[in-house]
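Numbered by our numbering, the letters in the sequence shown go through residues 6 to 144 in order.
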Amino acid sequence: MADVFTKKKRSAIMARIRGKGTSPERLVAKLLKAMGYKIQRHRKNLPGSPDIVLPLQKTALFLNGCFWHAHVGCARAKLPTSNVAFWTQKITGNAARDKRQYRLLKKAGWKVIVLWTCQKTDAIRLAGRLKRSGVPAPV
Numbered sequence: 006m007a008d009v010f011t012k013k014k015r016s017a018i019m020a021r022i023r024g025k026g027t028s029p030e031r032l033v034a035k036l037l038k039a040m041g042y043k044i045q046r047h048r049k050n051l052p053g054s055p056d057i058v059l060p061l062q063k064t065a066l067f068l069n070g071c072f073w074h075a076h077v078g079c080a081r082a083k084l085p086t087s088n089v090a091f092w093t094q095k096i097t098g099n100a101a102r103d104k105r106q107y108r109l110l111k112k113a114g115w116k117v118i119v120l121w122t123c124q125k126t127d128a129i130r131l132a133g134r135l136k137r138s139g140v141p142a143p144v
C-alpha cells in the first residue's frame, strides 16, 4: 500500500516524533511517583539511557514504541512499504541494540522492564508488573 502522505509531509511527521518526555513516559512516571517510588529519567551513565530508573530498587524501565523497537506481533510494528531496505536495517538494528543494552544492565545487576506503548498502563497493571519482575516496594 502506498503512503497516503507526500514524502515532504511524511518527513515532517516523522521529525516530530519525540524520544524523551512522551505521553506514555510521563504517565508511567506519574504512576510510579504516586506509588511512592523515587524515580530518575534518562540516566546517561547507564547502558541504553533508560527512560525511567528506580535507583533504590536498581530497576531500569524502557518505554518502547512498537514501531521503532520491533514489538513482535504488534500491528503498530509493521514496516512501511516504501524504502523497505532502509527501514528493515534501521528497525532490526534498534532491536539488536536494545538487546545488547538490556544484557549489559542485567550483567551489572539491574532489573530491566520493557513497557510497550500499545499496552494499556494503569496503576494496577504497573504495580503487578513490578511485583512479577521482583522489584521491591518503595522504601
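Backbone N, C-alpha and C define an ideal beta-carbon position, used for all residues, glycine too. Values in this document were obtained by computation on a predicted structure and should not be read as measured data.
Length of the line joining the Cα atoms of residue i and residue j
| i | j | result |
| --- | --- | --- |
| A80 | L131 | 22 Å |
| R48 | F10 | 36 Å |
| K13 | T97 | 25 Å |
| D127 | L36 | 7 Å |
| A101 | I129 | 31 Å |
| D8 | V140 | 43 Å |
| L110 | I57 | 13 Å |
| R31 | A75 | 22 Å |
| L84 | V144 | 43 Å |
Cβ neighbour criterion (16 or more within 10 Å) applied to residue i
| i | result |
| --- | --- |
| A142 | exposed |
| V89 | exposed |
| T86 | exposed |
| Q45 | exposed |
| N50 | exposed |
| A17 | exposed |
| V33 | buried |
| T93 | exposed |
| G78 | exposed |
| G133 | exposed |
Nearest candidate by alpha-carbon position, reference residue i, set the options
| i | options | result |
| --- | --- | --- |
| Y42 | L51, A65, G78 and S28 | A65 |
| S138 | Q106, K95, C71 and L59 | L59 |
| Y107 | L68, P52, G133 and H76 | P52 |
| V117 | K125, P29 and R105 | R105 |
| V119 | R102, A113, P55 and A101 | P55 |
| K112 | T27, M40 and K63 | K63 |
DSSP bridge partner residues for residue i (one or two, in chain order)
| i | result |
| --- | --- |
| W121 | N69 |
| K116 | T64 |
| I57 | R46 and L66 |
Inter-residue CB distance, residue i and residue j (contact presumed, cutoff 8 Å)
| i | j | result |
| --- | --- | --- |
| N99 | W115 | Rounded, the Cβ-Cβ distance is 20 Å, inconsistent with contact. |
Chain D within 8 Å of residue i, Cβ atoms only
| i | result |
| --- | --- |
| R134 | Any reference to chain D falls outside this structure, which holds one protein chain only. |
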